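Inspection log for the structure reproduced underneath, given as structure tokens.
Numbering (my numbering), first residue to last: -18 to 267.
In structure tokens form, the structure reads like this:
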């Protein structure tokens, strides 16, 4: 019986998916799991790779004719047989005990969501300022407790709220914040006390910023568009508070002495405003 379904949306893979699958093949003490590859490439580039790993992993290769990470993850979730879903990025590598630590969290606490942390090649936390102690998180504290890649959720709960909002995430109009939006809707049906963060659930993720450069500026801007749309969609007190703190922090960082860093945070402010207005304009047109 499959306990976990790991849904990996991939597009234009340049080799990182191989490292991701290799890490899954090395998981220790893990309950039975399947790997659902939602392939958006439109060609055969992954066939040989997936055939090679099919010897050690239970792989479902699902080719699709659309693009968009959230849509791909939702598609994979509908195919899943596991009671729990995970959504590792195709450039992530799970540490050997990651799934067994998820199982430990589920056994110890009556939760519907378990999240973990990302680390760099040296084992240091990256992407977010992760806590180093386990905690039950809430609507107010969820912003520092999850990214999409570190999220594990009960499949029935995921499907009940309709999965990821396909307007959010890479390849969509608002290219970020899909995980927080999902978690916000999960809290609406689960209430508090059903989501836990466990730093023992670890996966390696490339550190993309720093360096501070033009690419970092464009990335900050794109992600902020998603954040701004998230606030527009969910104008609740905890969202508005988070948005205000984000704006103030970005305004302070904008005056950094490092030119590219300051420009990146200026782009973040512009992105937040663009996403907030863009969501309302799109809703009005719809």
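Don't be surprised by glycine CBs; every beta carbon is placed ideally from N, CA and C.
Computed from a predicted structure; not experimentally measured.
Is residue 134 helix, strand or coil when you go by DSSP? Stepping through the chain shown from its first residue, residue 134 is reached at position 153. It is a strand residue.
Could you give the first and the last residue of the continuous alpha helix (DSSP H) run that contains residue 261? The residue labelled residue 261 in the question sits at position 280 within the chain shown. Start and end: 240 to 266.
Can you give me the C-alpha to C-alpha distance between residue 250 and residue 171, rounded to a whole angstrom? Mapped onto the chain shown, residue 250 falls at position 269. Mapped onto the chain shown, residue 171 falls at position 190. Using only the alpha carbons, I get a separation of about 32 Å.
Residue 73 (DSSP reduced to helix, strand or coil): Translated into positions along the chain shown, residue 73 becomes position 92. Here residue 73 sits in coil by DSSP.
Taking the alpha carbon of residue 16 as the point to measure from, which residue in 10, 35 and 202 has its own alpha carbon closest? On the chain shown, position 35 is the one that residue 16 refers to. Nearest of 10, 35 and 202 to residue 16, Cα basis: 35.
Taking only beta-carbon positions, decide if residue 235 is within less than 8 Å of chain D. Looking at the structure shown, chain D is missing, and only one protein chain is on hand.
Classify residue 1 as helix, strand or coil using the three-state DSSP reduction. For the purposes of this step, residue 1 is taken as the residue at position 20 of the chain shown. Residue 1 falls in the helix class under three-state DSSP.
Paired residues, beta bridge with residue 155 - DSSP: Numbered from 1 along the chain shown, position 174 holds the residue referred to as residue 155. BP columns for residue 155 point to 149.
By the DSSP assignment, the alpha helix (DSSP H) with residue 201 in it spans what residues? Translated into positions along the chain shown, residue 201 becomes position 220. Counting along the chain, the alpha helix (DSSP H) containing residue 201 begins and ends at 195 to 214.
Evaluate residue 265 with the Cβ neighbour count: other Cβ atoms within 10 Å of its Cβ, from every protein chain shown; 16 or more gives buried, anything less gives exposed. One-based indexing of the chain shown puts residue 265 at position 284. Exposed is the call here.
According to the Cβ coordinates, are residue 74 and residue 184 closer than 8 Å? As a first step, residue 74 is located in the chain shown; it is residue number 93 there, counting from the start. As a first step, residue 184 is located in the chain shown; it is residue number 203 there, counting from the start. A contact, by the Cβ cut-off of 8 Å.
Under 8 Å between C-beta atoms of residue 109 and residue 97: As a first step, residue 109 must be located in the chain shown, where it is residue number 128. As a first step, residue 97 must be located in the chain shown, where it is residue number 116. With respect to residue 97, residue 109 sits apart: the two C-beta atoms are not nearer than 8 Å.
Quick check on residue 127: does DSSP put it in helix, strand or coil? Position 146 of the chain shown holds residue 127. The answer is coil: DSSP assigns residue 127 none of H, G, I, E or B.
Which residues bound the beta strand (DSSP E) around residue -14? Here residue -14 corresponds to residue number 5 of the chain shown, with the count starting at 1. Segment -15 to -9, the beta strand (DSSP E) holding residue -14.
I'd like to confirm the pairing. Which residues does DSSP put opposite residue 44 in its beta bridges? Working through the chain shown from its first residue, we reach residue 44 at position 63. Answer by DSSP bridge pairing, in chain order: 20.
To which residues of the same chain is residue 61 closer than 7 Å at the C-beta, ignoring the five residues directly before and after it? By 1-based counting over the chain shown, the position of residue 61 is 80. Closer than 7 Å at Cβ, skipping near neighbours: -14, -12, 17 and 136.
By DSSP, does residue 229 sit in helix, in strand, or in coil? The residue given as residue 229 occupies position 248 in the chain shown. Three-state result, residue 229: helix.
Between which two residues does the beta strand (DSSP E) containing residue 176 stretch? The residue given as residue 176 occupies position 195 in the chain shown. Looking at the DSSP string, the run of the beta strand (DSSP E) that includes residue 176 is 176 to 185.
Provide the residue span of the beta strand (DSSP E) that contains residue 92, from first to last. For the purposes of this step, residue 92 is identified with residue 111 of the chain shown, where counting begins at 1. First-last for residue 92: undefined, no H or E at that position.
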